[in-house]
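As structure tokens, the structure follows; a few thoughts come after it.
Protein chains in written order, with the numbering used here: chain A, 2 to 365; chain B, 2 to 365; chain C, 2 to 365; chain D, 2 to 365.
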């Protein structure tokens, strides 16, 4: 269960890391959206392994096939079926691991739940599953951009103990973000981050970090009060990404250490429309978008599979040691940027459609 | 929209802060659960205003009526309708505010979305709505305790800049938590927190803080991989609570600053069962419970309504000043503890039931 | 479970026939809809018992209270909480029945499922539950009428073996339908039907019948292909009404006995728009509305509770006899007309909102 | 929208009749279920075109590929991705039809809704979509059989004006049903039905009919009261099948013409358990299964595409004539039998899992 996301723009992903293919069905995409394979492929290329020296060398081209829902460059309004074949699946490698509970991995919990005869459900717990999310998110992002003028842009703000300075109102371009393989728009900091990742890799270790996501162009009022607040749905979306451990919107945890008089965003009227002098709230009030940029951060843990030798147990409970080999990511952050963007686009588009249904459809 | 939460144990809340009553319908409660009004009332009493000098003096007894679903002290399996009347609603007070966009409140976003003729939808954005969640959560908690041996316990870990020391494996009793009105089990720190809250109140200001929630007794394997991970659903639940700005599970944001070799929890076998030497993960791996305590933190901003004079605008966009008067909470943390527990219990019970349906129902 | 209906315009009902009250929460009603208590009450008055000599004499005024979601005659966009108190609940009467499995009633299946200590879950299986649906449906109907120009009109077409002649294109007025207590617009047939009902009543028996529902003013294209076809959602809605045993759209079962060349509706173009010469399809093609009236029929069984002595068993399995006494409906048809209309309005409004979200929200 | 069905055992279908492939994702299948490709293929073989002289000659082998969710003959508990390639898609044939609104087809409604540039969304409205349902239903049926001892068996009861005699308690074997290409277990009637279909085909016409479905081995109490009644969910499932126009459970429309004293099923106790002397109810009371066989009928219209010349209009509204050519089904009934079974199995398994979650998971 739990392989479907979204209420109106709804995606269902399938496929194991160790199987022949992965895919996604997108249900609810409006008809008439211009869509080419390249719209999806360019997002996948930002996520795929082997894109730089600081990512896993698994050799996956991640070529996407559109099997339904698109005809002559336009969506039909029918479900869009996407397929991505695994080219470098090595089930034999993993079969060897079958008896070991790798530290930090889901082998243990999957075995308890599914009694499954492959580690982590054949790799369903692997971040490889996110290839399907990125493919679907690329369609959502295009729909948002063309249909609503909304942009979703994420970047790496921190790696291990290295953190970019936070500047109010800062919004880098996609080009500045893509300028370095770490996807941090501060070029000096990017260099330090890459060095830190390579150092960790050399030591057989891994590092975590933080991604900031910025959503611009939202109309005021997207979201639902009470349970389906915009930030609540974003929080769920982010914590559903493998390796994530935290989410905060606006000032987030820092707001907990502030006074009300410091934290409130003062309204102002610069002649055209009511806006805010600051954006401590991160673009949401009462669960609804304020018109200011929606900004949130996501914390990623360091990858669990490391070359360093670790103590663990096997399925019988006997102590063994384990050392990750092969296709390791010393830091998931650069590849997680398009994943964060994809999930954010899915949430926002869903709320855009809900808003259309409840508010814009009627004129009493 | 968005007033229903939960897939199998599902609650729907209704009612405005400025209206005659609030309520909740609980659908999916198993039949035969022993249930008395006092089970619910005792949770509401921990949330209600006026319980101490550091909470709002709004005079609400918050007496709950059970209108359906329970007969002779047992649930029937039919929907449970609960009603809580507003005794101290003062719509006239709020009518006066109708023209002002209060800083940090949802007046502005509600007006944009709903064109509503009352501030924040008549108080639907008010934390008063959470009375219904606490009532429903009390039933979920009882069901979890009797049906599955699960305990959900939350407490205040930080207020403004004051933070309890984090001790691995620390689990206070409910009594220790309830010993002070701030619901921090460190009695020395509790005194400092209360003083800080009273100081803020005296200055016409407010403070935020952090709540830690600890869930014990979960079987291994609760949760769903991919989108409906246990921590993802908890994150959504927590960010759906008014005034929350952040969520982290286990080490959370701190994990982003750690090495993989530091962060992985090493398995061990102490003779009875496989367990973990540490719990940096916070009791979840791959979206599933590990059997270790599920631990997460929630960041709350300082309340937006403060007595200090603030600049803002009215609905026409003209600059005005605003000063909150009357029934203010200088800090929501003590009253938020039962709200966090309620939402956590709802999430966990839902996953317990999903697990029963998918895994325990079959024996191939 | 199963007490919520609708995806975007969503209702959740609660309350037992033998308890203090019933109610419904409507979530997703657009803001700004003009709404008075009388809009709801007039629908309830058409459903309530005691309205004529051919309905149950249970003395229920069925006065509805609006507890939330409406302010100064307009909906707020927040959930609408409605409450209807039971005035003539006689749990003692039913307590006496607790040991008997009444033929045709849900006592037996409820006991197996819920082990419940009241017959049929305290009356949750009773058609009294539909009071909440009619209240919610009245709001949906008003929203459809004002927001989309759609009318939903049902009437009694058959009682026992008496059946109105089916006339292509016939659409009676609400006034013609309401002219007799049986709600059959053919005044001669109405007289015969009433006589048949009274004869059955005199003999301690009951009769079934058929309701026809006609939905006019729908735009072309409402509905979803594949699973959520307009007629599929109508079928579910109708079979969810107590005592219903069949549903058919357009020619329905008669279409099974026709040739394709007879059954196809030929398109024509009368100068303004493309339309159909006939409407055998009942206003739907491929799960979507065609612009022609959506017409369907619902079969109701004769009420199970009759004064005639029937053989049955008690909870221990011992043979006993049972004779219904008191407040019996010899025929549910006249009171079921507003229930059918309510459920139809809920389905159609939901699809109208879905259509707005998927199709009308974008302009690529 | 509307391409997902089921709450806990949930399927999502995709693919156009004129595209490269169709498929389905099954989410929520329990782990450990023994599953071979042949389990699915044998169901598909009963649905595929070209299986006999009375079905469409479209040359589709309908070979299914399992792309995920199964390993070494057992389900993993992860989503099952199935793929069926179209071998005989002839989009060019349909492109020629693009300008004509075929009578009885969804071209008109699809064009209005989707503005789609292919007839009926590239064939998404085609019954070819049901290949995915049958594949998923075969898995549900196996899960029901092995996990719960439930059998779902359907057969053709009527074709055009030819109808089998209804015998109380009659339950044919799968072998008797499969003995003739029409799937009617009355071998004499089967011969007449086949002759009628061939006569219609010769005249360039088509015929409708009725399928009866019988579900045995259900525990008492499956289903939910109020909206998600077992029969309501079955009704929706059946009306979601292309060409269906009616659904009835038990006596169905005939019950509308009966007296209560005739229609009630009298309980009896034959020493082992409480049962029913008759089954007019069709195995459901109050929305819950009674333990008696669940029996329902589905009415299918005659196929719309016929060789006979029909008047219609083109997309500009100009009158044209249309004559179906090529791969026509003169009667969908024999191929619809496995579709009805598939949808029924999906509904029943979902309710079985819901029942497990709500009732069997707790022991207070």
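Quick reminder that beta carbons are idealized off the backbone N, C-alpha and C, glycines included.
Remember, predicted model here, so these are calculated numbers, not experimental data.
(request) Grab the span of the alpha helix (DSSP H) containing residue 240(A) for me, first residue to last. (result) Per DSSP, the unbroken alpha helix (DSSP H) holding residue 240(A) starts and ends at 231-240.
(message) Among the candidates 18(A), 332(A), 280(A) and 313(A), whose CA atom is the shortest distance from the CA of residue 133(A)?
(response) Ranked by Cα distance from residue 133(A), the options 18(A), 332(A), 280(A) and 313(A) are led by 18(A).
(message) Three Cβ pairs or more, each shorter than 8 Å: is that satisfied between the segment 119-126 of chain D and the segment 14-28 of chain D?
(response) yes
(message) Three or more C-beta pairs under 8 Å: does that hold for the segment 99-113 of chain C against the segment 144-159 of chain B?
(response) Judged by Cβ distances under 8 Å, the segment 99-113 of chain C makes no contact with the segment 144-159 of chain B, as fewer than three pairs qualify.
(message) Pull the bridge partners of residue 214(B) from the DSSP assignment, please.
(response) 155(B) and 297(B)
(message) Rounded to whole angstroms, what is the Cα-Cα separation between residue 208(B) and residue 344(A)?
(response) Note on geometry: alpha-carbon atoms of residue 208(B) and residue 344(A) lie some 32 Å from one another.
(message) Quick check on the DSSP output: what are the complete alpha helix (DSSP H) runs of length 4 or more inside the segment 256-280 of chain A, in order along the chain?
(response) 261-264
(message) So the candidates are 226(A), 283(A), 32(A) and 320(A); which of them puts its Cα closest to the Cα of residue 247(B)?
(response) 283(A)
(message) Let me confirm a value: residue 153(C) is counted as buried when at least 16 other C-beta atoms fall within 10 Å, else exposed. Which label applies?
(response) buried
(message) Which residues in chain A have a C-beta closer than 7 Å to the C-beta of residue 201(B)? List them in chain order.
(response) Neighbours of residue 201(B) on chain A, chain order: 260.
(request) Closer than 9 Å, Cβ to Cβ, to anything on chain C: give me those residues from the segment 105-116 of chain B, in chain order. (result) Here the close residues are 111, 114, 115 and 116.
(message) In whole angstroms, give me the CA-to-CA distance for residue 178(A) and residue 99(A).
(response) The alpha-carbon atoms of residue 178(A) and residue 99(A) are separated by roughly 39 Å.
(request) Identify the contact partners of residue 168(B) in chain D, using a Cβ-Cβ distance below 9 Å as the criterion. (result) Per Cβ cutoff of 9 Å: no residues; residue 168(B) is ~35 Å from chain D at best.
(message) Per DSSP, what are the beta-bridge partners of residue 85(B) in this structure?
(response) 23(B) and 65(B)
(request) Report the option in 210(C), 76(C) and 198(C) whose CA atom is closest to the CA atom of residue 252(D). (result) 210(C)
(request) Pick helix, strand or coil for residue 320(D), following the three-state DSSP scheme. (result) strand
(request) Give every residue of the same chain whose Cβ lies closer than 7 Å to the Cβ of residue 275(A), excluding the five residues on either side of it in the sequence, and list them in chain order. (result) Sequence-distant partners of residue 275(A) (beyond 5 residues in either direction) whose C-beta falls short of 7 Å from its own C-beta, in its chain, are 268.
(request) Please name the residue, chosen from 338(B), 354(B), 225(B) and 297(B), that lies closest to residue 9(B) on a Cα-to-Cα basis. (result) 354(B)
(message) Within 9 Å of any Cβ in chain B, is that where the Cβ of residue 327(A) sits?
(response) no
(message) One question on the structure: do residue 102(D) and residue 258(D) come within less than 9 Å of each other, judged by their Cβ atoms?
(response) no
(request) Evaluate contact between the segment 35-46 of chain D and the segment 79-87 of chain A, counting only Cβ atoms and requiring at least three cross-stretch pairs below 8 Å. (result) no
(request) Can you pull the chain B residues whose beta carbon is under 7 Å from the beta carbon of residue 225(A), in chain order? (result) 2 and 3
(message) Let me make sure I understand the geometry here. Which of 49(A), 350(A), 191(A) and 359(A) has the alpha-carbon closest to that of residue 128(A)?
(response) 49(A)
(request) Rank 333(C), 156(C), 265(C) and 299(C) by C-alpha distance to the C-alpha of residue 51(C) and give the top, closest one. (result) 333(C)
(message) What residue range does the alpha helix (DSSP H) around residue 250(B) cover?
(response) Here residue 250(B) belongs to no alpha helix (DSSP H); instead the beta strand (DSSP E) covers 245-250.
(message) Which residue wins for smallest C-alpha separation from residue 302(D), given the options 161(D), 180(D) and 255(D)?
(response) 161(D)
(request) Starting from residue 314(C), follow the beta strand (DSSP E) in both directions and report where the run begins and ends. (result) 311-315
(request) Give the residues of chain D in contact with residue 251(C), contact being defined as C-beta atoms less than 8 Å apart. (result) 246
(request) List the residues of chain B whose Cβ lies closer than 9 Å to the Cβ of residue 1(A), in chain order. (result) Only positions 2 to 365 of chain A appear in the structure, and residue 1(A) is not among them; the question remains open.
(message) Quick check on residue 22(A): buried or exposed, where buried means 16 or more other Cβ atoms within 10 Å of its Cβ?
(response) So residue 22(A) counts as buried.
(message) Using a Cβ-Cβ cutoff of less than 7 Å, which residues in the same chain neighbour residue 190(A) once the five nearest sequence positions on both sides are dropped?
(response) 163 and 165
(request) For residue 290(D), decide whether its Cβ has a neighbour in chain B, counting only Cβ atoms nearer than 9 Å. (result) no
(message) I want to see whether chain A comes within less than 9 Å of residue 338(D), judged by CB atoms only; does it?
(response) no
(message) Please tell me whether residue 283(D) has its Cβ less than 9 Å away from any Cβ of chain A.
(response) no
(message) Taking beta-carbon pairs under 7 Å, can you tell me which members of the segment 136-159 of chain C lie near chain A?
(response) 147 and 148
(request) Could you say if the segment 192-207 of chain C and the segment 303-311 of chain C meet the contact criterion of at least three C-beta pairs nearer than 8 Å? (result) yes
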